[in-house]
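The sequence shown maps to residues 1 to 288 in the UniProt record's numbering.
For each residue, glycine too, the CB sits at the ideal point set by N, CA and C.
Values in this document were obtained by computation on a predicted structure and should not be read as measured data.
Okay, so here's the structure we're looking at.
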Amino acid sequence: MKATKGEKLFYGLNYLFLAACGLLAVFPFLYIVAVSVTPYVEVIRHGGFIILPRQITFEAYRQLFAESEIPRAFLNSVFITVTSTALGLVLTTMLAFGLAKKSLPGRQTILLLLLFTMFFSGGLIPQYLLMKWLGLLNTYGVLILSGTLSVFNMFVMKGFFENLPDGLEEAALIDGASELQTLWKVILPLSRPVMATIGLFYAVGHWNSFFEAVLYVRDTAKHPLQPVLQKMLMVPDASEILGSIEDYVPSEAVKMAAVVVSILPILLVYPFLQKHFTKGVLLGSIKG
Numbered sequence: 001m002k003a004t005k006g007e008k009l010f011y012g013l014n015y016l017f018l019a020a021c022g023l024l025a026v027f028p029f030l031y032i033v034a035v036s037v038t039p040y041v042e043v044i045r046h047g048g049f050i051i052l053p054r055q056i057t058f059e060a061y062r063q064l065f066a067e068s069e070i071p072r073a074f075l076n077s078v079f080i081t082v083t084s085t086a087l088g089l090v091l092t093t094m095l096a097f098g099l100a101k102k103s104l105p106g107r108q109t110i111l112l113l114l115l116f117t118m119f120f121s122g123g124l125i126p127q128y129l130l131m132k133w134l135g136l137l138n139t140y141g142v143l144i145l146s147g148t149l150s151v152f153n154m155f156v157m158k159g160f161f162e163n164l165p166d167g168l169e170e171a172a173l174i175d176g177a178s179e180l181q182t183l184w185k186v187i188l189p190l191s192r193p194v195m196a197t198i199g200l201f202y203a204v205g206h207w208n209s210f211f212e213a214v215l216y217v218r219d220t221a222k223h224p225l226q227p228v229l230q231k232m233l234m235v236p237d238a239s240e241i242l243g244s245i246e247d248y249v250p251s252e253a254v255k256m257a258a259v260v261v262s263i264l265p266i267l268l269v270y271p272f273l274q275k276h277f278t279k280g281v282l283l284g285s286i287k288g
């Protein structure tokens, strides 16, 4: 059908509105990148506001990785994110696969108890005491195990498993496959969209984790990237964190470089998972 003039006008205004929203979302990132790679003289010449730098220098990045805590914190974040995401996917998949079976004894009770935890928690002090009793304080373990299993993610994955045809599992069981073999060889190969979606949820959550490190870990050498970045951005002079900085490398440029470094991994991973993201959420939310 040919669109009417009213529909064309609506679509045009809608595209303009979405484009404006996109520019507003991208603008802060462009500004941060521009300041991090622009010589300080150029930044001052433009009154501190610059989007398209005429000259480019990576001195701020060199200084950032040479004299700061950022490299160690970056590696800590990578280790914590990868380990916790992998563990979270394993636990979420096994729990969702079991609860997707309507024949499971006590299934409704377990689901209600899990749903209860989405609205009510034991509180901060009991959680701290639990980590202390487990001997996880001031260790990487507390950062890996905190938030490892998300009930919301489990419900999304359970909904996806419930949408799969029952005949697939029945055929595998008739051929002599065990429950674990059915999950590994039949269910998981078909679950790439929801696995990618849940993995992205976990990875972003752990990469941006800040509160757990401040609360449970006193050794700053074990801190992930976010607490170190927050400390760097809050101090008036970044040299308190970075050590001595040459006059031509302003602390503001180094701060912006640190922000870019903290954002870049997620930006690099997301395009590879984008095609699975929407499909995984929609398929996992059809059934509760």
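Check your understanding: Nearest CA to the CA of F160: which residue from S178, G147, A19, L190?
Key -> L190
Check your understanding: Which one of F97, L30, E69 has the shortest CA to CA distance from Q181?
Key -> F97
Check your understanding: Between the Cα of T117 and the Cα atoms of T93, G88, G147, which residue gives the shortest distance?
Key -> G147
Exercise for review: Measuring alpha carbon to alpha carbon, tell me which of I125, K255, H206 ends up nearest Q230.
Suggested key: K255
Check your understanding: What does a CB cutoff of less than 7 Å around I80 pick up in its chain, not counting 5 residues either side in sequence?
Key -> Y140, L143, I144, H206, P224
**Study point:** Other residues of its chain near E212: CB distance less than 8 Å, five sequence neighbours each side excluded
**Key:** V142, L143, S146, G147
Check your understanding: Quick one: Cα of K8 to Cα of S121, how far?
Key -> 50 Å
Check your understanding: Between the C-alpha atoms of A203 and S150, what's the straight-line distance to the nearest angstrom?
Key -> 12 Å
Exercise for review: Can you say whether Q63 is buried or exposed, counting buried as having 16 or more other CB atoms within 10 angstroms of its CB?
Suggested key: buried
Exercise for review: Give every residue of the same chain whose Cβ lies closer than 8 Å to the Cβ of D219, excluding the five residues on either side of it in the sequence, and list them in chain order.
Suggested key: N138
Check your understanding: How is D166 classed by DSSP in three states: helix, strand or coil?
Key -> helix
Review point. Would the beta-carbon of G56 fall within 7 Å of that of A34?
Key: A small correction: the amino acid at residue 56 is Ile; Gly does not occupy that position in the sequence shown. Cβ distance not < 7 Å, so I56 and A34 don't count as in contact.
Review point. Under a three-way DSSP split, which group does R218 fall into?
Key: coil
Practice item. Could you pull out every residue in the same chain whose Cβ sits closer than 8 Å to the Cβ of K101, ignoring the five residues on either side in sequence? Key: R107
Point to revise | Proximity winner among L13, F29, A171, relative to S262 (alpha-carbon distances) | key: F29
Review point. On the premise that V41 lies in contact with P53, defined as a C-beta separation below 8 Å, what is that separation, rounded to the nearest angstrom?
Key: No, P53 and V41 are not in contact; Cβ-Cβ is about 11 Å, not under 8 Å.
Review point. Can you list the alpha helix (DSSP H) stretches of 4 or more residues lying completely in the stretch 132–189, in chain order?
Key: 140–145, 151–163, 166–174, 179–182
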